[in-house]
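Written out below as structure tokens is the structure these notes cover.
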Amino acid sequence: MKIIVPIKQVPETNNVKMDPVTGTMIREGIENIVNPLDLYAIETAIRLKEKYGGKIIVISMGPEKAIEAIKEAIAMGCDDGILLSDKKFAGSDTFATSYVVAKAIKELGDFDLVICGERATDGDTGQVGPGIASFLDLPLSTFTSEIVSIENGKIRVKRLVEEGYEEIEMTLPAVLTVVKEISDPRLPTLRGKLRAKKMGIPVWDTQKIGAEEQKIGLKGSPTRVVKIFTPKVTREGEKIIVKDEKTLYQAVDRIMDYLIKKELI
Amino acid sequence: MYNKLTPEIVEELIGIVGSNNVIYGNPDALEPYSHDEVAEKHYAHMPEAVVKPSSAEEIAQIMKLANKYKIPVTPRGAGSGLSGGAVPVYGGIVLSVEKMNKILEIDKENLVVVVEPGVVTNEINNAVKEYGLFYAGYPMSVETCYIGGNVSENAGGGRAVKYGVTGRYVIGLEVVTPTGDIVHLGGKVMKDVTGYDLIHLMVGSEGTLGIFTKIYLKLMPLPQAKVDLLVLFEDMDTAIKIVPKIMTFGRIIPTSIEFMDELSFKASCRYLNEKIPFEEAGAMLLIELDGNSKAELEEQYEVIGNLCMENGAIEVYVADNATTSERIWRIRRNIAEAWKQFSPHQSLEDVVVPISEIPTFIKRVREISEKYDIPIPCYGHAGDGNIHATPIKKPELSMEEWHKKLKTLLTELYMIVKELGGTISGEHGIGSKRKDYLPMVLEPQHIEMMRAIKKALDPNLILNPGKII
Amino acid sequence: MGEVWTLAEFRHGKLNPISFELLNRGKSLAQKLDTSLASIIIGYDIKKEDIDELIERGADKVYVVDDKRLENFIVETYAKVILKLLDEYNPDIFIAAATTTGRTLMPYIAVKKQTGLTADCTVLDIEEETGNLLQTRPAIGGNILATIKTLNTRPQMATVRPHSTKPALPDRNRVGEVIYKQFSDDVFSSKTKYIRFIKNESQQVNIQDAKIIVAGGRGLGKAENFKLIDELAELLGGAVGVSRDVVDRGWKTYPHQIGLSGKTVSPALYIAVGISGAIQHIAGMQTSENIIAINKDPDAQIFKIANLGIVGDLNEILPLLIERIKDYKKKEANLNV
């Protein structure tokens with residue numbers, strides 16, 4: 062089984078502090094990590110490989126330093142990596158990104174599955190996975206929470222939807238985007254790190270993947286960001302500190318008042 | 007022996023620090039100053055008043071006043087201590103340094119930072135970071151504790167293997183003596199053998215010999231990169247045997263080598279729902295390295311990791327980014343929290359034994375644990391033999407039984423420590439909590455010398471009485 | 475000028491009320507552009523009342539594709555049907571809800587149409603000079619808002635965050651046009667087979683549609699303590715949400731998770747209990763209408779976005795609050811007798 066896992070390197074934002082004056086993110090000292098949701102895709106791929114054998118290829122579109130993310134995935138247990146990097150890719154929106162990744166996947170030849178994280182924690186769109194499926198004209202399962210079975214060239218999966226789960230069956234090759242429920246990512250091991258270190262990661266550019274220049278980068282992006290601004294989070298309302306029984310009762314009274322006045326109860 | 011505070015004396019205190027900086031006659035406001043982080047309530051004691059001076063001069067006047075009326079004074083930092091050191095066991099005045107919280111000078115030429123005692127330790131690093139410098143002291147409570155308390159307790163913590171403990175970085179002190187004089191020890195010089203080393207008499211004196219009003223700390227270049235290894239072993243013997251090997255064969259001194267016994271990491275991993283194969287392990291080490299570049303660290307962790315694998319490790323996990331590093335460290339950090347879900351009553355100990363004796367110590371602890379039917383998870387700093395053996399009260403045990411059992415249990419525990427050539431506190435201090443156990447590990451002459459020093463500096467025994475001796 | 479289209483979600487024989495929120499959005503866009511507003515509804519056995527209700531709530535036209543083969547959501551089939559409609563009618567704007575369906579279908583369609591799509595918008599507007607759709611969405615964990623335009627390609631597509639606006643109100647006298655469409659067999663072919671739907675037994679899981687969410691964090695301490703959260707949620711007729719930590723620790727399942735790696739919600743009331751308010755959590759709930767936070771740490775980030783903050787021990791506060799709500803409800807019930 063040949064599995065392709067597209068991943069993204071993102072800024073680590075869990076421990077981000079906000080500048081109290083400007084209300085913007087303090088970017089100093091923020092490192093780059095594998096998009097946390099992609100770790101579930103990587104883990105899913107590794108488990109499938111452990112069960113069915115085969116090969117996992119990680120691909121990532123980004124600058125040179127995104128190789129770190131690819132190597133982290135290899136250290137976890139993926140086999141190969143390819144970096145999609147070209148100045149011409151810069152400024153790609155989700156359409157152009159899906160196109161570049163889809164072209165690279167085509168270049169890789171036959172495969173059985175493409176597994177993506179449900180979305181990236183920086184852009185937070187969740188559009189590239191479905192976009193890749195659309196470009197490749199492949200069946201797609203988004204929000205995949207479980208792989209039920211793979212047999213006779215078909216994969217059966219469960220998708221996490223609003224009111225429960227949907228079970229669907231797709232012919233292979235297919236594209237999955239996965240949610241956290243599907244697996245628990247392993248940690249990279251020393252052996253994995255040593256293997257990743259030795260490995261050369263090929264860099265593919267526009268020419269290598271045979272992409273049309275009018276479909277990539279800023280030029281190939283149908284959307285454009287026209288304005289970026291900081292939301293006003295000046296909600297900070299009243300605060301009651303519970304110190305003793307008296308203030309405890311006052312606090313609960315206040316919650317009740319609030320609920321009643323706002324007709325929430 | 008001591009006198010009670012009177013409204014008249016309080017008026018005098020107000021005269022020194024102003025009415026805003028005196029708490030008196032308000033039990034609600036005084037209560038937070040009656041305890042530190044020691045969980046057991048019976049170690050707490052209410053102060054009669056709290057004063058919050060802003061300068062050495064004010065503190066000197068307070069001490070003179072206290073001597074005049076024979077009122078005990080207990081200095082206090084952030085109150086994050088674990089030995090009852092800041093608790094006013096004889097009542098009297100709690101002298102809080104919370105108002106003295108300024109970083110006075112960052113001397114880039116001499117690599118020295120001068121701070122007041124009430125600065126939160128973490129803030130020192132936030133401030134010197136932009137100059138590419140760092141202060142190496144790193145108690146586990148770094149986000150809340152004050153530097154003054156760190157110096158008083160000679161705090162250790164997570165980075166001690168490579169960087170040593172607080173005292174190593176204290177090169178100068180301004181101290182108010184128990185009798186109310188202001189004295190200056192050391193300064194910005196890196197070497198100083200002029201006379202007795204009073205700085206290091208003061209460091210770790212737990213607030214019994216003087217009150218620090220200015221602290222000169224040595225700074226180091228800020229390491230640019232960090233890697234953590236989580237190593238799973240079948241048993242504690244194999245795990246601990248690797249520690250000297252890292253230092254000798256590896257020629258590397260890690261920033262920290264933390265160990266966790268089965269009781270510790272299994273509770274924490276289950277609590278955290280961690281899915282690494284921890285059930286197969288009998289011991290874990292968490293090894294942290296820091297250095298100037300990822301490349302340099304890569305070489306080092308490979309050496310250490312390979313050493314571990316060659317010497318019986320089940321698996322070595324490598325964390326070189328925030329996601330994985332957090333996942334590894336939270337296992338260590340959540341041990342206490344995980345056990346707290348089982349029972350909130352714990353006695354957090356910090357005994358020290360020679361590194362090679364850790365496995366024996368843990369075996370002996372298991373025996374005590376069985377004998378008393380009290381779980382005692384052990385974890386801590388393998389790199390320096392400092393062990394947090396933590397007896398935990400079973401929920402079904404009554405408080406009365408618990409205290410009775412704990413007392414004999416601790417005596418037995420400390421006996422083992424002594425037998426193995428160790429001592430009863432590596433970083434939390436003696437304070438009031440371990441005072442009765444001191445004669446177990448110190449020779450009578452040693453205690454006598456300490457008494458003589460105390461008497462010479464504090465003839466009225468005004469400053470932080472009821473502690474250590 | 476092409477029409478403004480909204481996707482009416484129809485599933486398991488029911489029209490998703492989110493469709494009315496889209497009509498509210500669409501109405502103001504269509505008015506600004508002086509064009510008509512249309513809903514497309516595809517599925518099987520679509521009821522007349524549902525179609526009428528779309529009109530009553532603002533649609534000038536409804537395009538209906540009713541076919542047994544559209545009974546269940548298959549992205550390839552749905553996309554092909556919608557692409558047929560788009561090709562025939564060339565709407566200027568096409569919006570859908572950012573539900574699991576919308577977030578699957580829209581990117582699949584956008585690629586085929588070679589046009590732009592903006593995810594999870596919270597504000598939609600029309601640029602006066604150009605008539606372009608201005609699509610505003612939170613990014614980088616809600617720390618910034620970005621306004622995005624689709625330059626030259628059409629339709630301009632966006633998914634809209636559920637509950638970021640109110641549903642359009644019905645006007646029983648409104649009339650509109652209903653256009654039934656049928657397509658040839660090849661449109662319905664796909665490589666995907668729908669097997670079954672497994673309803674989530676826990677009623678408290680569908681947090682995205684809940685009006686009230688009671689959310690618990692690490693401060694709860696352990697799984698058993700969630701019975702307080704469960705009870706409070708049930709009393710208020712709300713759903714239970716949690717922070718990432720709680721799911722990581724196995725105290726609650728992933729469908730409850732709110733935040734960057736979970737769900738984004740905008741309920742009328744969000745009660746955050748024992749949640750410190752890491753950016754990754756706040757990103758998923760900061761557009762809630764009312765936020766009440768209970769946390770023992772006075773410096774917790776969550777207080778910065780709370781309308782009402784209580785600093786204290788949740789184990790003291792929640793039982794008392796639950797008791798008070800029960801009393802209140804009893805009194806109300808008596809008054810109504």
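Protein chains in written order, with the numbering used here: chain Y, 62 to 326; chain B, 7 to 475; chain P, 475 to 811. Even for Gly, the Cβ is constructed at its ideal location relative to N, Cα and C. Here the structure is a predicted model, which is why all the values come from computation and not from measurement.
- Proximity to I217/B across V324/B, P401/B, S60/B peaks at S60/B, based on C-alpha coordinates.
- Per DSSP, M7/B is not a residue of any alpha helix (DSSP H), being assigned neither H nor E.
- Using a Cβ-Cβ distance cut-off of 8 angstroms, the segment 259 to 273 of chain Y and the segment 325 to 336 of chain B are not in contact, since fewer than three pairs of beta carbons, one from each stretch, lie closer than that value.
- Under the Cβ criterion of 7 angstroms, R670/P is counted among the residues facing chain Y.
- Considering only N647/P, Q656/P, P491/P, the residue with the shortest C-alpha distance to E562/P is Q656/P.
- DSSP places F204/Y within a strand segment (E or B) once states are collapsed to three.
- Judged by beta-carbon spacing, G389/B lies within the 7 angstroms limit of I263/B, meaning their Cβ atoms are closer than that value.
- Setting aside the 5 residues that flank it on each side, I732/P is surrounded in the same chain by I681, I687, A689, G715, V716, S717, T738, V739, H755, G758, M759, each with a C-beta closer than 8 angstroms to its C-beta; the list follows chain order.
- Using a Cβ-Cβ cut-off of 7 angstroms, Y175/B does not count as an interface residue toward chain Y, since no Cβ of chain Y sits closer than that to its own.
- Within chain P, the residues placing a beta-carbon under 8 angstroms from that of D154/Y are G590, ordered along the chain.
- In the structure shown, E242/Y falls within a helical segment according to DSSP collapsed to helix, strand and coil.
- The C-alpha of K148/Y lies about 28 angstroms from the C-alpha of L608/P.
- Taking a cut-off of 8 angstroms on C-beta distances, the segment 373 to 382 of chain B touches the segment 411 to 419 of chain B, as three or more cross pairs fall below it.
- If you draw a straight line from the Cα of P612/P to the Cα of D594/P, it is about 8 angstroms long.
- The beta carbon of T624/P sits closer than 6 angstroms to those of G590, Q630, all from its chain and outside the five residues before and after it, given in chain order.
- Note on geometry: alpha-carbon atoms of D526/P and V478/P lie some 18 angstroms from one another.
- With contact defined as three or more Cβ pairs closer than 8 angstroms, the segment 276 to 296 of chain B and the segment 252 to 267 of chain B are in contact.
- Taking the C-beta atoms as reference points, T74/Y is found no nearer than 7 angstroms to V239/Y.
- In the three-state DSSP reduction, D318/Y falls in the helix class (H, G or I).
- Proximity of chain P to N279/B at the Cβ level (cut-off 7 angstroms) is accounted for by D722, R723, G724, in chain order.
- Using a Cβ distance threshold of 7 angstroms, V359/B and G386/B do not count as a contacting pair.
- Within the model, the alpha-carbon separation for Y319/Y versus I301/Y is close to 13 angstroms.
- Each residue's CA atom was taken as its position, placing T150/B and N156/B some 11 angstroms apart.
- If you keep only unbroken alpha helix (DSSP H) runs of at least 4 residues inside the segment 294 to 355 of chain B, you get 300 to 316, 328 to 339, 341 to 348.
- A553/P and L528/P have their C-alpha atoms spaced approximately 21 angstroms apart.
- In this structure, the CA atom of E523/P is about 36 angstroms from the CA atom of I622/P.
- Taking a beta-carbon distance threshold of 7 angstroms, I135/Y does not count as an interface residue toward chain B.
- Of the residues E373/B, R370/B, I398/B, the one whose Cα lies closest to the Cα of P383/B is I398/B.
- Relative to Y160/Y, the option among E306/Y, G281/Y, T203/Y, V313/Y whose CA is nearest is G281/Y.
- Residues of chain Y whose Cβ lies closer than 7 angstroms to the Cβ of V322/B are, in chain order, T250, L251.
- Boundaries of the alpha helix (DSSP H) harbouring A166/B: 166 to 169, taken from the DSSP string.
- Here the alpha carbon of E285/B sits roughly 29 angstroms from the alpha carbon of S147/B.
- Interface annotation for the segment 343 to 372 of chain B against chain P: E343, K346, Q347, criterion Cβ-Cβ distance under 9 angstroms.
- Closer than 7 angstroms at the C-beta level to chain P, one finds these residues of the segment 275 to 300 of chain Y: P283, T284, R285, V286, V287, K288, I289, F290, T291, P292, V294, R296, E297, G298, E299, K300.
- Taking C-beta atoms under 8 angstroms as the contact rule, Y144/B and K224/B fail to qualify, at a distance of about 14 angstroms.
- Contact check for V549/P against Y582/P passes: the beta carbons are separated by less than 7 angstroms.
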